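A.B. asks: Sharing a structure here in C-alpha cells format.
In my numbering, the protein residues as written are -14 to 189.
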C-alpha cells in the first residue's frame, strides 16, 4: 500500500484528492496538512511513501518547503501539485529534491500514474520540462536564486515588499535587497518592466 501525505491549504482541494485516491486499492491517504509547517511536523513524526505538496501555502512553502521535506526524509518521494505551469517551477522543484511535478488541471488518471511511478522509484515530469533541464539556452531569470525567484513571483502578483516579507518571513529591508538584485540581474528598471518580462516569459 502506498502511504500518501496531502499538503494543501484549500480544504476543497484536499477533499477532491482524497476522493480520487479513495477509489484505488493500492493508495491510501495517511495524513493531510493545511500548511507547510504542519506538513513538515507530520513528516518528522511519521513515514510516508509519497507527499503531494502544493507550492503556494501559508508559512513554509514553495522551494523552501521542498528542500526541508527532502532534507528530513530523503527517501520519501515528493510530487509537487501546482497551479503554476511547469516552465515556472518544475526545474527548480526537481533540483530542490522533488521527484515529480504536476499541474492541478491534470486528469486524475495522470495523478494516479504519477504517484505510482514515484512510489516505484521513478520521476514524473513532462518532456518539455525535462528538455529545459539540459538546455544550454538559459533564460535570464534562471540565474536568479530560489529566494529571488520566489520574491519575483510575488512582486509580479502585486504584493508589496511588506506583504512579501510577511509571506516569506523576511524583513522589508531584505525583500527590498532581493528586489534590487532581481532588477539588476534581469537588467530591468522598474516593477512595471518586471511584470512585462514575466508576461513575455510566461511566468505569470
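Note that CB positions come from ideal geometry on N, CA and C, so glycine has one too.
All figures in this text were calculated on a predicted structure; none of them were measured in a lab.
Residue 188: which of 59, 43, 69 sits nearest, CA to CA?
C.D. replies: The shortest C-alpha separation from residue 188 is found at 69.
A.B. asks: Would you list the one or two residues that DSSP bridges to residue -13?
C.D. replies: Answer is 12, bridged to residue -13.
A.B. asks: Hey, how far is the Cα of residue 127 from the Cα of residue 133?
C.D. replies: When rounded, the distance between both Cα atoms is 10 Å.
A.B. asks: Closer than 8 Å, CB to CB, is residue 138 near chain E or not?
C.D. replies: Here chain E cannot be found, since the structure has a single protein chain.
A.B. asks: Going by C-alpha to C-alpha distance, which of 58, 162, 47 sits closest to residue 66?
C.D. replies: Answer by Cα proximity: 47.
A.B. asks: With contact counted as at least three CB pairs below 8 Å, one residue from each stretch, are the region 38 to 45 and the region 21 to 28 in contact?
C.D. replies: The region 38 to 45, when compared against the region 21 to 28, does touch it at the 8 Å Cβ threshold.
A.B. asks: Three Cβ pairs or more, each shorter than 8 Å: is that satisfied between the region 97 to 108 and the region 149 to 156?
C.D. replies: Short answer: they don't touch.
A.B. asks: Per DSSP, what kind of secondary structure is residue 0 in: helix, strand or coil?
C.D. replies: It is helical.
A.B. asks: How far does the alpha helix (DSSP H) with residue 211 in it reach, from first residue to last?
C.D. replies: The question about residue 211 has no answer, for the chain in this structure spans -14 to 189.
A.B. asks: Looking only at its chain, what residues have a beta carbon closer than 6 Å to the beta carbon of residue 32, apart from the 5 residues adjacent to it on each side?
C.D. replies: Counting only Cβ-Cβ distances below 6 Å, and skipping sequence neighbours, we find nothing.
A.B. asks: Classify residue -13 as buried or exposed, calling it buried when 16 or more other Cβ atoms lie within 10 Å of its own Cβ.
C.D. replies: So residue -13 counts as buried.
A.B. asks: Is residue 55 closer than 8 Å to residue 195 when the C-beta atoms are compared?
C.D. replies: In the structure as shown, the chain starts at -14 and stops at 189, and residue 195 therefore has no counterpart that could be examined.
A.B. asks: For residue 4, which residues from the same chain have a beta carbon less than 6 Å from its beta carbon, with the 5 sequence-adjacent residues on both sides left out?
C.D. replies: Closer than 6 Å at Cβ, skipping near neighbours: no residue.
A.B. asks: Quick check: what's the CA-CA separation for residue 169 versus residue 139?
C.D. replies: Roughly 17 Å between the two C-alpha positions.
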